[in-house]
Amino acid sequence: MTESTAERKKIESVRQRSRIMASVRSKRNRSTEWRLRGALVSAGVSGWRLNVAKLLGKPDFVFASERLTVFVDGCFWHGCPKCYRRPKSRRRYWDNKVLDNIKRDKKRRADLRRQGWRAIRIWEHELTKSPQRCVRRIHHALTKSPIRRTPASPSTFSWSLRV
Ligand SMILES: [Zn+2]
């Protein structure tokens with residue numbers, strides 16, 4: 000194998016790997032999101048919308064009346080302090096990628112706060128361990144909503160305790 004063929008093969012395998020990782024990533028994110036969605040539905044919490052793209056940072060769940068956003072973050076991609084383990088290979092690549100994500104997450108939360116939104120982050124491991132606990136956190140934030148509601152603008156959020 001000539002050196003350039005080897006080089007080309009290497010580039011090709013890196014490309015392929017990032018394509019695979021991207022698809023794994025979006026699938027995994029969708030499935031954790033669906034898990035929380037299921038937990039909210041079975042607890043009787045409504046009034047949210049999914050993936051409001053126009054809002055900064057594309058939160059996974061948005062409770063518009065309460066100005067509350069919820070992010071469901073994968074432990075690996077977002078560098079969970081509890082679960083993140085550095086991969087054995089291509090460490091520099093993954094370190095940079097995960098650090099970029101951490102920085103982006105921080106910025107998007109700060110941007111939302113500046114615009115009067117609150118943000119809750121739910122880690123993938125928290126959702127796996129106890130979806131009910133995640134729902135309770137969201138419920139707590141919703142009931143402590145700083146927005147004073149008038150009869151003209153009723154909340155779309157409703158809650159019945161079925162946890
Ligand atoms: Zn975690």
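Numbering (numbering that gives the first Met the number 0), first residue to last: 0 to 162.
Built from N, CA and C at the ideal position, the CB exists for glycine as well.
1. Taking tyrosine 92 as the reference, give the member of Trp76, Glu123, Phe70, Arg103 with the closest Cα.
2. If threonine 68 and tryptophan 122 are in contact, beta carbons under 8 Å, what's the gap, nearest whole angstrom?
3. Could you pull the DSSP bridge partners for threonine 31 from this structure?
4. Based on Cα-Cα distance, which residue from Glu11, Ile101, Phe62, Gly78 lies nearest to histidine 124?
5. Determine the contact status of glycine 46 and phenylalanine 62, defining contact as a CB-CB distance below 8 Å.
6. Closer than 7 Å by C-beta to valine 134: which residues in its own chain qualify, once you throw out the five before and the five after it? Chain order, please.
7. What first and last residue would you give for the beta strand (DSSP E) that runs through aspartate 117?
8. With DSSP collapsed to three states, give me the class of leucine 49.
9. Does DSSP put valine 97 in a helix, in a strand, or in coil?
Checking against the coordinates, here is how it stands:
1. In the sequence shown, residue 92 corresponds to position 93, counting from 1. The residue with the shortest Cα to Cα distance from tyrosine 92 is Trp76.
2. Position 69 of the sequence shown holds residue 68. Position 123 of the sequence shown holds residue 122. Threonine 68 to tryptophan 122, Cβ: 16 Å. No contact.
3. Here residue 31 refers to the residue found at position 32 of the sequence shown. Beta-bridge pairing links threonine 31 to no other residue.
4. The sequence position of residue 124 within the sequence shown is 125, counting from 1. The candidate whose alpha carbon is nearest that of histidine 124 is Gly78.
5. Residue 46 sits at position 47 when you count from the first residue of the sequence shown. Residue 62 sits at position 63 when you count from the first residue of the sequence shown. Yes. Within cutoff.
6. Within the sequence shown, residue 134 is the residue found at index 135, counting from 1. Around valine 134: Ala38, Leu39, Ala42, Val44, Val162.
7. The residue you call residue 117 lines up with position 118 of the sequence shown. According to the sequence shown, residue 117 is arginine rather than aspartate. Note, arginine 117: beta strand (DSSP E), 117-122.
8. Counting from one through the sequence shown, the residue named residue 49 turns up at place 50. Three-state DSSP puts leucine 49 in a strand.
9. Mapped onto the sequence shown, residue 97 falls at position 98. Three-state result, valine 97: helix.
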